[in-house]
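Have a look at the structure below before the remarks.
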Amino acid sequence: MKKYLLVLVLPLIFLLSGCLSDPVQDDLLNYVNKEMKNAAKLEVEAVSAYESVTGANYQDDQTLYDVLLNEVIPTYNEFIKELDSANIETDEVKEIHEIYIKGADIQFNAFAKIKQALEEQDAGLIQEANDMLAEARTHIRDYKSKLTKLAKEHDVKIEK
2 MKKYLLVLVL
12 PLIFLLSGCL
22 SDPVQDDLLN
32 YVNKEMKNAA
42 KLEVEAVSAY
52 ESVTGANYQD
62 DQTLYDVLLN
72 EVIPTYNEFI
82 KELDSANIET
92 DEVKEIHEIY
102 IKGADIQFNA
112 FAKIKQALEE
122 QDAGLIQEAN
132 DMLAEARTHI
142 RDYKSKLTKL
152 AKEHDVKIEK
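Residue 79 in this note's numbering sits at position 78 of the sequence shown, with consecutive numbering throughout.
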């Protein structure tokens, strides 16, 4: 009798444990801890290099141009490749990731436009690039906000 009960109850336990699994939670954990780990490092590296020669850190056009050409653009290009190669399983995470890709693409194009503006000494292109950087920041903030919200909904803690 016990064997029959076990044969009936054991599959039921496996079925219930399968129901408790949250594919979005699993995907988020993989996304944050594995898929985005190298991408995040590359983004920080590229943006830090850019910030080291702009704003209060601006020295001259040649220095900015050299850092863009040799550090920012190549590193940011690698970052975008990492974003594009991310393995994402669920629609919820894919939707948020696409926001990030869009913001990253705009920011990459802005860096390229700044490089072009420096080559051509065109202040109008600098303004266009600054507008693009602002738009990119909007997308990236939206991405972070939606990622945080989805993580909260699926009981995933994201360390900053």
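A virtual CB, placed ideally from N, CA and C, is assigned to each residue, including glycine.
In this structure, DSSP gives residue 49 a helical state, which the three-state scheme calls helix.
Within the same chain, Cβ atoms closer than 7 Å to the Cβ of residue 43 are found at 76, 79, 80, 83, the five residues on either side in sequence being excluded.
A direct Cα-Cα distance of roughly 16 Å separates residue 111 from residue 62. Sorting 39, 66, 36 by C-alpha distance to the C-alpha of residue 50 places 66 at the top.
Less than 7 Å separates the beta-carbon of residue 137 from that of residue 107.
Listed in chain order, the alpha helix (DSSP H) elements of length 4 or more contained wholly in the segment 41-125 are 62-68, 74-85, 92-121. With contacts defined as CB atoms closer than 7 Å, residue 30 and residue 155 fail to qualify as a contacting pair.
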